[in-house]
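Right, dumping it as structure tokens:
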């Protein structure tokens, strides 16, 4: 078992993009991490584009003290298993990071296929709700004085209306509302709840967005951001890891923009 003073995190959507960058950053900072992702096409039936592979998830083991688990954030039992690993293998849970998400759309809301709309809601919002249901009790099982963290990834889409992405906007707005409510409900416990709201970030999801809008290259999204470039997953991960750490004690209920100025 890892040393009991080691900080322990569960990260969903861990295999690539912001999730993978966050796992690697946490591990480099000495955290023990339980990294969860679907684990390949056979587990991703019905997804709107190709999901991360098993090899991508398992490659995270070389980052440090990382345990990988194949699971679906739509499945409460998979998330409970990840939390159980954190507690039984590493002695407890200090941070839960709900990063798993997908992009799905391509039509006005009233024309979008109902099953795709539900899939986006189930992954992007439901996955965070389900993570909170199993992770928050584990965070509260840490002895006082505790300093647990529940973190999620929202989006600039939480505050902007994006055409042909209504379900995604609704889900990310829901994540922001959930975080604010959790912050109030966790009052006085030593556990905080915050989210990061990324702008256009160089990920597979952004490539899927480009296809929805008929764009040849994701670089077109850079024009929307005052930084005049796309963000890198590592930039978003840096904020998530900071929020998980000891210097973020003064924040709860915050939706922190790491968006290159997109929301301005």
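Residue numbers (the working numbering): 1428 to 1691. Even for Gly, the Cβ is constructed at its ideal location relative to N, Cα and C. Fair warning: this is a prediction, and the values are worked out from it, not measured in the lab.
Which one of the options has the shortest CA to CA distance from residue i?
i, options, result
"residue 1486", "1503, 1434, 1497, 1442", "1442"
"residue 1496", "1561, 1517, 1477, 1464", "1464"
"residue 1542", "1574, 1593, 1473", "1473"
"residue 1535", "1573, 1572, 1591", "1591"
"residue 1615", "1663, 1540, 1677, 1664", "1677"
"residue 1477", "1538, 1539, 1633", "1633"
"residue 1532", "1641, 1670, 1671", "1641"
"residue 1670", "1484, 1575, 1530", "1575"
"residue 1630", "1572, 1530, 1573", "1530"
From residue i to residue j, what does the alpha carbon distance come to, in whole angstroms?
i, j, result
"residue 1568", "residue 1681", "23 Å"
"residue 1638", "residue 1475", "11 Å"
"residue 1589", "residue 1675", "31 Å"
"residue 1439", "residue 1550", "11 Å"
"residue 1636", "residue 1649", "13 Å"
"residue 1491", "residue 1433", "13 Å"
"residue 1559", "residue 1500", "11 Å"
"residue 1564", "residue 1526", "19 Å"
"residue 1556", "residue 1562", "10 Å"
"residue 1691", "residue 1553", "28 Å"
"residue 1456", "residue 1538", "46 Å"
"residue 1662", "residue 1528", "18 Å"
"residue 1444", "residue 1643", "20 Å"
"residue 1479", "residue 1667", "21 Å"
"residue 1544", "residue 1446", "23 Å"
"residue 1570", "residue 1540", "47 Å"
"residue 1546", "residue 1566", "28 Å"
Please list, in chain order, all residues of the same chain as residue i whose beta carbon is under 7 Å from its beta carbon, the five residues on each side excluded.
i, result
"residue 1689", "1583, 1626, 1627, 1651, 1652"
"residue 1620", "1577, 1606, 1609, 1610, 1613, 1679, 1680"
"residue 1450", "1438, 1441, 1460, 1462, 1487, 1490, 1493"
Measure the beta-carbon distance from residue i to residue j and round it to whole angstroms, keeping in mind my assumption that it falls under 8 Å.
i, j, result
"residue 1513", "residue 1461", "5 Å"
"residue 1481", "residue 1498", "Going by Cβ atoms, the distance from residue 1481 to residue 1498 rounds to 12 Å, so no, they are not a contact pair."
Kindly list the residues whose CB is nearer than 6 Å to the CB of residue i, restricted to its own chain and excluding five residues on each side of it in sequence; keep chain order.
i, result
"residue 1607", "1680"
"residue 1684", "1624, 1690"
Please work out which residues of its chain come closer than 8 Å, Cβ to Cβ, to residue i, disregarding the five sequence neighbours upstream and downstream, and give them in chain order.
i, result
"residue 1585", "1596, 1599, 1600, 1602, 1603, 1624, 1682"
"residue 1429", "Residue placement at residue 1429 is poorly supported in this model, since its pLDDT is 44, which falls under 50; the coordinates are not used for a value here."
"residue 1646", "1657"
Flag this pair as yes or no: are the beta carbons of residue i and residue j separated by less than 8 Å?
i, j, result
"residue 1520", "residue 1510", "yes"
"residue 1578", "residue 1507", "no"
"residue 1448", "residue 1673", "no"
"residue 1548", "residue 1622", "no"
"residue 1617", "residue 1654", "no"
"residue 1452", "residue 1664", "yes"
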